[in-house]
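This report concerns only the one structure given below.
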Amino acid sequence: MADTVNIIVNGIERTVAEGTSVESLIHEISPDGTQGVAVEINAEFIEPPKYSRTVCEGDAIEIVRFVGGG
Amino acid sequence: MTQDSSTHPIHDPVDDPLIIAGKAFTSRLIIGTGKYPSFDDLRNTIDSTGAQIVTVALRRVSMGNQADRTLNCIDTSRIQLLPNTSGARDAAEAVRLARMARAASGHNWVKLEVTPDPVTLLPDPVETFKAAQLLIEDGFVVLPYISADPILARQLQEMGCATVMPLAAPIGTNKGLLTREFIRTIVEQATVPVVVDAGLGAPSHAAAAMELGVDAVMLNTALSTAANPPLMGQAFRLAVEAGRRGYLAGLGRVLDGAVASSPETDRVGANDATTQTKDSQAEPGPPREGATPLTGFLDS
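Residue numbers (the working numbering), protein chains in the order written: chain A, 9 to 78; chain C, 23 to 322.
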């Protein structure tokens, strides 16, 4: 029964399949894939090698990037 | 003239660096990277301005976003990246953004902007003060964006901010140096570099700011909304250099009334016998009130 997990991605609640990796979430939304993005899980920045990790129930994930700004 | 040789040096920007947090820059023009017509325009404008400090923003990646090439346009081996906290509505959001930006970029410089009011986009002084304290404690190099408030500027410089960055006019308006007199006061009381940031729209505005003695100017909209951003970048580069030289050269005194720039004695035709009655009124009279004419060379 518990083959989904509830997480928050960029402030939006989502339900994803158990075993979903952070990397797949990045590829879902990022036009550049993992290039040029920064990822935070539960307010902690994570390095690219850790993108393969699977998401856990309640994880709050931020996928951000630098864009033009003044 | 009184002498042949000059004791006045010619200005070389290398001898007059802008120093922020111990780092020296020869350019006094800082630019933002937002809302250019194209990434090519952005790249060419960064080049034409000669900017050595460039700001970027941090945003969530959303489904359907276009690819963003901003970082590709910035050669970080030559340019100091300055992430901003734009979008932050309070100190907590600003600190969070700054920490994310530091983790993502490896740089600990931050342009602190806390702008809760979406209509005016004026920086909140209280939240900026609180955020600056937290960020300085956390080891950031803090460049705070503020209204042209001399009291706040003093507090932030005493706290340990690397610069103070008072606005010339509300961001994005291109209105120019509306806060001139307050910036003048900030410059007089400054112990850190003063960077006029926001509201400058024309190269002449930037030159005027530099003539006041500010240490650098920051612009974005003036470039991104110009019809030809890279050419405008060149114009601003020249304006900032002109204004800085003007300041260092020491602007001449401002007078009411008029004083001739050519000699007032030995004029051809003066005091000729045939024109004597006319010329009896032709010699210079006493100086008008408010005038302090140079007298040195007339006496010799």
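Even for Gly, the Cβ is constructed at its ideal location relative to N, Cα and C.
Could you check what DSSP says for ILE41 of chain C in three-state terms: helix, strand or coil?
Correct three-state label for ILE41 of chain C: strand.
Would you say ARG81 of chain C and ARG73 of chain A are within 8 Å of each other, going by their C-beta atoms?
yes
List the whole-angstrom C-beta distance separating THR185 of chain C from LEU165 of chain C, where the pair is believed to meet the contact cut-off of C-beta under 8 Å.
About 5 Å separates the CB atoms of THR185 of chain C and LEU165 of chain C; that is less than 8 Å, so the two are in contact.
Provide the residue span of the alpha helix (DSSP H) that contains GLU115 of chain C, from first to last.
113-127
Is the segment 286-295 of chain C touching the segment 88-108 of chain C, taking contact as three or more C-beta pairs under 8 Å?
no
Considering only the alpha carbon of each residue, which of A:ILE69, A:ILE71 and A:VAL63 lies closest to GLU26 of chain A?
Minimum Cα distance to GLU26 of chain A is reached at A:VAL63.
PRO252 of chain C: buried (16+ other C-beta within 10 angstroms of its C-beta) or exposed?
buried
For LEU273 of chain C, which of helix, strand or coil comes out of DSSP?
coil
Does the distance from the C-beta atom of ALA170 of chain C to that of LEU189 of chain C stay below 8 Å?
yes
With 8 Å set as the bound, which would you pick, yes or no: does the beta-carbon of PHE69 of chain A sit closer than that to a beta-carbon of chain C?
The amino acid at residue 69 of chain A is misidentified as Phe; the sequence shows Ile. With 8 Å as the cut-off, ILE69 of chain A does not count as an interface residue toward chain C.
Determine, using beta-carbon pairs with one atom in the segment 51-71 of chain A and one in the segment 36-43 of chain C, whether at least three such pairs fall under 8 Å.
no
May I ask which residues mark the beginning and end of the alpha helix (DSSP H) holding ASP219 of chain C?
For ASP219 of chain C, there is no enclosing alpha helix (DSSP H); the enclosing beta strand (DSSP E) covers residues 217-219.
Relative to the C-alpha of ALA89 of chain C, which residue among A:PRO56, A:ILE16, A:GLN43 and A:ILE71 is closest?
A:GLN43
If you measure beta-carbon to beta-carbon, which residues of the segment 54-75 of chain C are closer than 9 Å to chain A?
Those would be GLY54, THR55, GLY56, LYS57, TYR58, PHE61 and LEU64, in chain order.
Ignore the nearest five residues each way along the sequence and tell me which others in ALA43 of chain C's own chain have a CB closer than 8 Å to its CB.
TRP131, VAL163 and ALA184
Can you check whether the CB of GLY235 of chain C is closer than 8 Å to the CB of VAL214 of chain C?
no
I'd like the list of long-range same chain contacts for ARG229 of chain C, defined as Cβ closer than 6 Å, with 5 residues on each side in sequence excluded.
Per the sequence shown, residue 229 of chain C should be read as Ala rather than Arg. The answer, listed in chain order, is ALA261, ALA264 and GLY265.
Cβ atoms of GLY54 of chain C and THR77 of chain C: under 8 Å apart, would you say?
In this structure, THR77 of chain C sits near GLY54 of chain C, with a CB-CB distance shorter than 8 Å.
Within the 8 Å Cβ cut-off, does VAL163 of chain C reach chain A?
no
For PRO105 of chain C, which residues in chain A fall below 8 Å Cβ to Cβ?
PHE74
Take the Cβ of ILE173 of chain C as the centre, count every other Cβ of all protein chains shown within 10 Å, and call the residue buried at 16 or more, exposed below.
exposed
Label MET17 of chain C either buried or exposed according to how many other C-beta atoms from any shown protein chain fall within 10 Å of its C-beta, with 16 as the threshold for buried.
Nothing about residue 17 of chain C can be read from this structure; chain C reaches only from 23 to 322.
What does the alpha-carbon distance come out to for the pair LEU104 of chain C and GLY161 of chain C?
Going from the Cα of LEU104 of chain C to the Cα of GLY161 of chain C covers about 15 Å.
Apart from the five residues on each side of it in sequence, which residues of its chain come closer than 6 Å, Cβ to Cβ, to GLU48 of chain A?
The residues are GLU70.
Spatial neighbours of HIS35 of chain A within its chain, please: C-beta separation below 8 Å, excluding the five flanking residues on both sides.
GLY41 and THR42
Starting from GLN102 of chain C, follow its DSSP beta bridges and name the residues at the other end.
In DSSP, GLN102 of chain C forms a bridge with C:ILE75.
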